[in-house]
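Colleague: Got a structure here, written out as structure tokens. Questions coming.
Residue numbers (our numbering): 121 to 287.
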């Protein structure tokens, strides 16, 4: 690309928008990315805030990440845009957003591997941009609420900077 700050990569990941926040969901095949996306779409919630937050699909299974200056934007590869895999049911067409600005990375892992009270905020660097990262066990009933809680609680400094357009 002509812009020195621009980069484009494709990740084995899913993405959902919660309000204005793009959430990138990372995990190995079969870890529950699509199932977590389906629950975020189906179950609007409040997190710890006063406003109801509805999820919208951006991409399932493969996500294209484009850096534009200090921000990252997620889209679906064209052949799978608007498609969601529901295990045991197949691939279904759902309403989706064409893109979302990423503000948070969710890494899927078993609860036994997640630090209960981490000393330092976790980060993930994608295309040279730092994003806050949280670990979630997708099998827990509170998984969707925990993601929304990160967005609605007093924001971490990194999340606040990203929302305000900084890096």
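Note that CB positions come from ideal geometry on N, CA and C, so glycine has one too.
#1: How many Å lie between residue 263 and residue 137 at the Cα?
#2: Mind reading off the beta-carbon distance from residue 214 to residue 161? Whole number of angstroms is fine, and I expect it under 8 Å.
#3: Shorter than 7 Å, the distance from the beta carbon of residue 225 to the closest heavy atom of the ligand ZN, or not?
#4: Could you tell me the alpha carbon to alpha carbon distance between residue 129 and residue 184, rounded to whole angstroms?
#5: By the three-class DSSP mapping on this structure, what secondary structure does residue 93 have?
#6: Relative to the C-alpha of residue 203, which residue among 176, 169, 127 is closest?
#7: Suppose you measure from the CA of residue 135 to the CA of residue 179; what does that come to, to the nearest Å?
#8: Are the beta-carbon atoms belonging to residue 267 and residue 226 less than 8 Å from one another?
#9: With DSSP as the reference, label residue 260 as helix, strand or coil.
#10: Between residue 247 and residue 127, what straight-line distance do the alpha-carbon atoms span, to the nearest angstrom?
#11: Could you tell me whether the segment 190 to 201 touches the segment 226 to 242, using the rule of 3 or more Cβ pairs below 8 Å?
#12: Going by C-alpha distance, which of 232, 236, 132, 220 is nearest residue 150?
#13: Whole angstroms is fine: what's the gap from residue 235's alpha carbon to residue 252's?
Modeller: By the coordinates alone:
#1: About 15 Å.
#2: Sure, about 7 Å apart at Cβ, within 8 Å.
#3: Ligands are entirely absent from the displayed structure, and the ligand ZN is therefore not among its contents.
#4: Within the model, the alpha-carbon separation for residue 129 versus residue 184 is close to 6 Å.
#5: With the chain running from 121 to 287 in the structure shown, residue 93 is simply not present.
#6: Of 176, 169, 127, the residue nearest in Cα terms is 176.
#7: Spanning the two alpha carbons is a distance of roughly 5 Å.
#8: Closer than 8 Å, so yes.
#9: Coil at residue 260, not helix or strand.
#10: Near 6 Å, if we compare the C-alpha coordinates of residue 127 and residue 247.
#11: The answer is no - the segment 226 to 242 does not touch the segment 190 to 201, with fewer than three Cβ pairs under 8 Å.
#12: Checked all of 232, 236, 132, 220; the closest Cα to residue 150 is 132.
#13: Looking at the two C-alpha atoms, the distance is approximately 15 Å.
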